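A.B. asks: Residue numbering for the sequence shown follows the working numbering, starting at 12 and increasing by one per position. No residue lacks a Cβ here, since even glycine has one placed at the ideal position from N, Cα and C. Quick caveat: nothing in here was measured; it's all calculated off a predicted structure.
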Amino acid sequence: MALKGLYREVWEDEELRKNKVTQSTVILVIDAFGRVIKKSLKEKGFFRWKNHFSFHTVKIKGWNTKSVRTGKDEKIKDFKRIYVRPSKDLKEEVNKQDN
């Protein structure tokens, strides 16, 4: 889902409509939430939203490889991989059978 789609989905939530939250406010809050996640991952290496999910980073060491196109040796630089771990409650809610 593109970010515009997320803004619209959140803004169309019934609770927000009842409380007359504007679309511009929704956009500001979602953008701020994204900045908080990025800052936490950079500084601490993890972000946890209790009963929803957590993100954590792992440093991956670079390696040498050969280019498929040119045949030259190349180096993949060190990088951080981000893992997402859903909470037990979230998994149970998603897997709950609709009656």
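Which residues does DSSP pair with residue 65 in a beta bridge?
C.D. replies: Beta-bridge pairing links residue 65 to 59 and 96.
A.B. asks: Grab me the residues of residue 88's own chain with a C-beta within less than 8 Å of its C-beta, minus the 5 sequence neighbours each way, in chain order.
C.D. replies: 73
A.B. asks: Which value, in whole angstroms, describes the spacing of the CA atoms of residue 66 and residue 80?
C.D. replies: 35 Å
A.B. asks: For residue 58, count neighbouring Cβ atoms within 10 angstroms of its own Cβ and tell me buried if that reaches 16, exposed if not.
C.D. replies: Residue 58 is buried by the Cβ-count criterion.
A.B. asks: Between the alpha carbons of residue 98 and residue 36, how many angstroms are there, rounded?
C.D. replies: 28 Å
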